[in-house]
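Just so you know, the protein sequences line up as chains W and G, in that order. Residues in the first sequence are numbered consecutively from 690, following my numbering. Residues in the second sequence are numbered consecutively from 690, following my numbering. Presented below is the structure to which this report refers.
There are 2 protein chains.
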Amino acid sequence: MIDATARTIPTVAQMRDNSLSGVVRHEIETLILSGELPAGSRVNENAIALRLGVSRGPVREACRALVELGLLDLIPNRGVFVRRMDRHDVEEVYDLRAGLTGLAGSLVAARVSDAEMDRLRALVTAMDESAAAGDFRSFYPVNLEFHDVILQLTGNSRLVKSYRALIKEFQLFRTHGLVQPNALRESNEEHRAILDALERRDSAAAYDTSFRHVLHGKQRMFAAFDKLAHAGAAGANETHNRTIE
Amino acid sequence: MIDATARTIPTVAQMRDNSLSGVVRHEIETLILSGELPAGSRVNENAIALRLGVSRGPVREACRALVELGLLDLIPNRGVFVRRMDRHDVEEVYDLRAGLTGLAGSLVAARVSDAEMDRLRALVTAMDESAAAGDFRSFYPVNLEFHDVILQLTGNSRLVKSYRALIKEFQLFRTHGLVQPNALRESNEEHRAILDALERRDSAAAYDTSFRHVLHGKQRMFAAFDKLAHAGAAGANETHNRTIE
DNA sequence: GTTAAGTAAATCGTTGACAATCTCCAGTCG
DNA sequence: CGACTGGAGATTGTCAACGATTTACTTAAC
């Protein structure tokens, strides 16, 4: 009952929790994160409803949930808009992410098993190879997994949820992808420092290394961003969409 | 054209953001946090709609937002239920709160002004008096304000939002209120330690003292809870509602 | 007396339609 | 020539009604 059962796809209906709201929500989320709905653009309820073949009710419910999650902004009588991230927003997200990452590290250091350490080590090794090859596309997903694994090892579902929400919000700002030379190597050296702290079951060190890792990520990101903005001359203080994909 | 125009208060509608959804949401939130809707109880859409004199649409939207916030649980085709907190949930909230509080402390230590320090000091002094008198009812709101002020001083709106959501969720577990002797005094001694760290603009110390303060709060809470559970004999592993109000 | 099936009430999920509000564009006046 | 007023179109906010699913109760059989 859990797996397969290759259902005859009614349309696109019932998948998540048997409610259209959930499906619509997931769909809008994808639309936003894929960039099809660019930041600042209005989400037309009617258009979405028509496109997904449902009524406006579920669409509205989904939007309210996404507003609460932080992906959309609601302006009364005007509609919902894809959140636009400015530099301050990105800084906020990075700082909060740093705190959550540090917390996760310190919690995990107190309870991680040897088998789990092996798994983390394997991920870092894989990233080493990607970094050596300068291949961001293979580095990035493993990096995400590395941090997600640590997060899940905390056993704190609220921490996991908060962090993942933050990641989604961060993806609104599509400027990661442009990386400076050595950024990958530096990043993975920090991963190794985290690994070492966890290995020693040193909560304080795990906090520090994790916290700083994200803060360094922030610096690397802004460095790359400013460099690009400088090269791109005019109109660069606006949040520009310079995705690499 | 921008200011005044003192509108003639239509009824009680339009207050928050001119949408019924917002009002309904705030209303349900109050119903939950006041305890009128006890943990685990079903939130009947029709009943709420009737009671507030609106249709079910806005009620559903409000519920979806509250589900996302964590105050309600959604079970498909069965309805939404006021979230029931067990011991593990409370532990999660405390741990996450500790992390956020620590982060706030470390961020504020780097940027707090003398005037702001004076304000924080005044709050701690006020709590000293409440603690000396053993008056929890006057201690509690000042305690909330103390931490909220620090939070706002970070200037990180997402951190503030996350923390406040956590506080609301925590209030679902209505067992704070029963405090052990000396708990107030101990708690405020920890506040003073935080104050000292901020005074020295020592981010690391601010993190530590803040983090530990919340963790000690957790210990104090569970100590009081276990004591009560032991005294209350049977059926104490269930999340019992022993509010003091 | 206990269990199981069947039916009825209640409630959720969704829909389509109506009213209120906003946006945009044309037309007019200073 | 620019700024303000007016109305048409579009979009959001809200509502009442219709199926689908779940729950509770009654009834019958073992």
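By construction, the Cβ of each residue, glycine as well, lies at the ideal position given by its N, Cα and C atoms.
Identify the contact partners of Asn845 of chain G in chain W, using a Cβ-Cβ distance below 7 Å as the criterion.
Residue mapping note: residue 845 of chain G aligns to position 156 of the second sequence, counting from 1. Identification of chain W residues near Asn845 of chain G by a Cβ-Cβ cut-off of 7 Å yields Glu781, Asp784, Leu785, ordered along the chain.
Is it right to say Gly823 of chain G is buried, meaning 16 or more other beta carbons lie within 10 angstroms of its own, or is it exposed?
By 1-based counting over the second sequence, the position of residue 823 of chain G is 134. So Gly823 of chain G ends up on the exposed side.
Output the boundary residues of the alpha helix (DSSP H) element that contains Val756 of chain W.
Translated into the one-based positions of the first sequence, residue 756 of chain W becomes position 67. Note, Val756 of chain W: alpha helix (DSSP H), 745–758.
If we define contact as Cβ-Cβ less than 8 Å, is Lys916 of chain G a contact residue for chain W?
Sequence index remark: in the second sequence, residue 916 of chain G carries index 227 (1-based). With 8 Å as the cut-off, Lys916 of chain G does not count as an interface residue toward chain W.
Whose Cβ in chain G lies nearer than 9 Å to the Cβ of Leu796 of chain W?
Here residue 796 of chain W is taken as the residue at index 107 of the first sequence, counted from 1. Identification of chain G residues near Leu796 of chain W by a Cβ-Cβ cut-off of 9 Å yields Asp784, Gly788, ordered along the chain.
List the residues of chain W whose Cβ lies closer than 9 Å to the Cβ of Ala894 of chain G, in chain order.
As a working note, residue 894 of chain G is residue 205 in the second sequence. Neighbours of Ala894 of chain G on chain W: none; closest Cβ ~13 Å, over 9 Å.
Evaluate Pro747 of chain W with the Cβ neighbour count: other Cβ atoms within 10 Å of its Cβ, from every protein chain shown; 16 or more gives buried, anything less gives exposed.
Locating residue 747 of chain W in the first sequence gives position 58, where the first residue counts as 1. In the assembly as shown, Pro747 of chain W is a buried residue. Its beta-carbon has 16 or more other beta-carbons within 10 Å.
Interface positions of the segment 745–762 of chain G facing chain W (Cβ-Cβ less than 9 Å), listed along the chain
Against chain W - using a Cβ distance shorter than 9 Å - the residues of the segment 745–762 of chain G are Gly746, Arg749, Glu750, Ala751, Cys752, Arg753, Ala754, Leu755, Val756, Glu757, Leu758, Gly759.
Opening and closing residue of the beta strand (DSSP E) in which Asp778 of chain W lies:
Locating residue 778 of chain W in the first sequence gives position 89, counting from the first residue. Not the beta strand (DSSP E): Asp778 of chain W falls in the alpha helix (DSSP H), residues 776–798.
Contact set for Tyr737 of chain W: own chain, Cβ-Cβ below 6 Å, skip 5 residues either direction
The sequence position of residue 737 of chain W within the first sequence is 48, counting from 1. Checking the displayed sequence, the identity of residue 737 of chain W turns out to be Ile instead of Tyr. Result list for Ile737 of chain W: Val748, in chain order.
Tell me where the alpha helix (DSSP H) around Ala838 of chain G begins and ends.
By 1-based counting over the second sequence, the position of residue 838 of chain G is 149. Inspection of the sequence shows that residue 838 of chain G is occupied by Val rather than by Ala. Segment 825–842, the alpha helix (DSSP H) holding Val838 of chain G.
In chain order, what are the residue ranges of uninterrupted alpha helix (DSSP H) at least 4 long that sit wholly in the segment 869–931 of chain G?
Counting only runs of 4 or more residues that sit fully inside the segment 869–931 of chain G, the alpha helix (DSSP H) segments are 872–888, 892–920, in chain order.
Chain-order list of residues whose beta-carbon lies under 6 Å from that of Ala815 of chain W (same chain, five-residue window excluded)
Counting from one through the first sequence, the residue named residue 815 of chain W turns up at place 126. Beyond the five residues adjoining it in sequence on each side, Ala815 of chain W comes within less than 6 Å, by CB distance, of Val831 in the same chain, given in chain order.
Buried or exposed (CB count within 10 angstroms, at least 16 for buried), Met774 of chain G
Along the second sequence, one-based indexing puts residue 774 of chain G at 85. When all chains shown are included, Met774 of chain G counts as buried.
Straight-line gap, Glu718 of chain G to Val782 of chain G (C-alpha atoms, nearest Å)
Looking up residue 718 of chain G in the second sequence gives position 29. Looking up residue 782 of chain G in the second sequence gives position 93. Rounded to whole angstroms, Glu718 of chain G to Val782 of chain G spans 18 Å at the Cα level.
Neighbourhood of Ala894 of chain W by C-beta, 6 Å cutoff - its chain only, sequence neighbours within 5 removed:
Your numbering for residue 894 of chain W matches position 205 in the first sequence. Contacts found: Ala886.
Interface residues of chain W facing Leu848 of chain G [CB-CB closer than 8 Å]:
As a position in the second sequence, residue 848 of chain G is number 159, starting the count at 1. Chain W residues near Leu848 of chain G: Glu781, Asp784, Leu785, Gly788.
Assuming Leu904 of chain G and Ala787 of chain G form a contact by the criterion Cβ under 8 Å, report the distance between their Cβ atoms to the nearest whole angstrom.
For the purposes of this step, residue 904 of chain G is taken as the residue at position 215 of the second sequence. For the purposes of this step, residue 787 of chain G is taken as the residue at position 98 of the second sequence. The pair is a contact, with the Cβ atoms about 5 Å apart (cut-off 8 Å).
Buried versus exposed call for Asp839 of chain G [16 or more other C-beta atoms within 10 Å across all chains shown]
Taking the first residue of the second sequence as position 1, residue 839 of chain G is located at position 150. Note that residue 839 of chain G is Ile in the sequence shown here, rather than Asp. Looking at its Cβ environment, which holds 16 or more other Cβ atoms inside 10 Å, Ile839 of chain G is buried.
Should Ser846 of chain G go down as buried or exposed, given a rule of 16 or more other Cβ atoms within 10 Å for buried?
The residue labelled residue 846 of chain G in the question sits at position 157 within the second sequence. Exposed.
Output needed for Gln869 of chain G: all residues of its chain with C-beta closer than 7 Å, excluding positions within five of it in sequence on either side, in chain order.
The residue you call residue 869 of chain G lines up with position 180 of the second sequence. Here the set comprises Arg909, Ala912, Ala913.
Provide the residue(s) that pair with Phe862 of chain W in DSSP beta bridges, ordered along the chain.
In the first sequence, counting from the first residue as 1, residue 862 of chain W sits at position 173. Bridge partners of Phe862 of chain W according to DSSP: none are assigned.
Relative to the C-alpha of Ser744 of chain G, which candidate in G:Glu757, G:Leu709, G:Val771, G:Gly729 has its C-alpha closest?
Start at 1 with the first residue of the second sequence, and residue 744 of chain G comes out as number 55. Selected option, being the one with the closest Cα: G:Leu709.
What's the C-alpha gap between Asp837 of chain W and Ser795 of chain G?
Counted from its first residue, the first sequence places residue 837 of chain W at position 148. Counted from its first residue, the second sequence places residue 795 of chain G at position 106. Straight-line Cα distance between these residues: approximately 24 Å.
DSSP state of Leu726 of chain W mapped onto helix, strand, coil
Numbered from 1 along the first sequence, position 37 holds the residue referred to as residue 726 of chain W. DSSP, read as helix, strand or coil, puts Leu726 of chain W in coil.
Using the beta-carbon of each residue, which ones in chain W are nearer than 9 Å to Leu792 of chain G?
As a first step, residue 792 of chain G is located in the second sequence; it is residue number 103 there, counting from the start. Near Leu792 of chain G (Cβ distances below 9 Å), the residues of chain W are Asp784, Leu785, Ala787, Gly788, Leu789, Gly791, Leu792, Phe900.
8 Å Cβ cutoff, Ser819 of chain G in contact with chain W:
Within the second sequence, residue 819 of chain G is the residue found at index 130, counting from 1. No, its Cβ sits nowhere closer than 8 Å to a Cβ of chain W.
Between which residues of its own chain and Leu873 of chain G is the CB-CB distance below 6 Å, once the five residues before and five after are set aside?
For this step, residue 873 of chain G is matched to residue 184 along the second sequence. Residues Ala820, Phe828 of the same chain have their beta carbon placed closer than 6 Å to that of Leu873 of chain G, with the five preceding and five following residues left out of the count.
Could you tell me the distance, in whole angstroms, from the CA atom of Thr898 of chain G to the CA atom of Val756 of chain G?
Stepping through the second sequence from its first residue, residue 898 of chain G is reached at position 209. Stepping through the second sequence from its first residue, residue 756 of chain G is reached at position 67. Distance between the alpha carbons of Thr898 of chain G and Val756 of chain G is about 33 Å.
Interface partners of Ser851 of chain G on chain W, CB under 8 Å:
On the second sequence, position 162 is the one that residue 851 of chain G refers to. Taking a Cβ-Cβ cut-off of 8 Å, the neighbours of Ser851 of chain G in chain W comprise Leu785, Ser851, given in sequence order.
When DSSP labels each residue in this structure, what does Val952 of chain G get in the three-state scheme?
Not covered by the structure: residue 952 of chain G. The range shown for chain G is 690 to 934.
On a Cα-Cα basis, can you pick out the residue from G:Val713, G:Gly711, G:Glu725 that is closest to Arg863 of chain G?
Along the second sequence, read from residue 1 onward, the residue named residue 863 of chain G stands at position 174. Closest option to Arg863 of chain G, Cα to Cα, is G:Glu725.
Exposed or buried, Leu884 of chain G, counting other C-beta atoms within 10 Å across all chains shown (16 or more means buried)?
What you label residue 884 of chain G is simply residue 195 of the second sequence in a count that begins at 1. The residue in question, Leu884 of chain G, is buried, as its Cβ has 16 or more Cβ neighbours within 10 Å.
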